[in-house]
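Numbering (the numbering used here), first residue to last: 372 to 540.
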């Protein structure tokens, strides 16, 4: 068993990056295998269910190691900061008002993979939307999420996607 306390900072950083990248890779490989065995629609339903369930598991594990608060927009920022699934994704969170937070993705390995193989039907909105909806509900029942921009994109220079977290009265 590895004793993480004995590893150098450099090796710990490399291991964290590797773990995040492998998690994204296994997610994509899992979906492709599920699609091959069951067809696209069934694989998509399964993927949505997995991501909804993943969120609950990830929150418990994150809270095991980090003292985070699950309050409102700050809770969203904290969870995304600690969830390793977001590490390989180039994103930013922009507070556009006290009651609203914009989440925009500049680089997405999953989308880039789908674009590379020429996939016409993208899984971004239903899968990412399910995760982000759970994230919003967990941080505040009045918090909602809405897609502002979704793939497909015309060029790799465009944003991959953009979402808005906001409070609904």
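The beta-carbon is built from N, C-alpha and C at its ideal position, and this holds for glycine as well.
Computed from a predicted structure; not experimentally measured.
For residue 539, there is no enclosing alpha helix (DSSP H), as DSSP gives it neither H nor E. Taking 8 Å as the upper bound for CB-CB distance, residue 501 and residue 406 are not in contact here, some 17 Å apart. With 16 or more other Cβ atoms inside 10 Å of its own Cβ, residue 426 counts as buried. For residue 402, the secondary structure class from DSSP, reduced to helix, strand or coil, is helix. Scanning the stretch 453–494 for uninterrupted beta strand (DSSP E) segments of 3 residues or longer gives 461–468, 471–478, listed from N- to C-terminal end. Under the DSSP assignment, residue 519 falls outside any alpha helix (DSSP H), being part of the beta strand (DSSP E) whose first and last residues are 514–520. DSSP places residue 532 in the strand class (E or B) of the three-state scheme. Boundaries of the alpha helix (DSSP H) harbouring residue 417: 411–436, taken from the DSSP string. Ranked by Cα distance from residue 473, the options 411, 388, 538 are led by 538. For the pair residue 506 and residue 447, the CB atoms are nearer than the 8 Å cut-off. Between the alpha carbons of residue 517 and residue 483 lies a gap of roughly 22 Å. In the displayed model, residue 386 falls within a helix according to three-state DSSP. The alpha carbon of residue 491 has as its nearest neighbour, out of 374, 523, 453, the alpha carbon of 523. Taking the C-beta atoms as reference points, residue 394 is found nearer than 8 Å to residue 455.
In the displayed model, residue 447 falls within a helix according to three-state DSSP.
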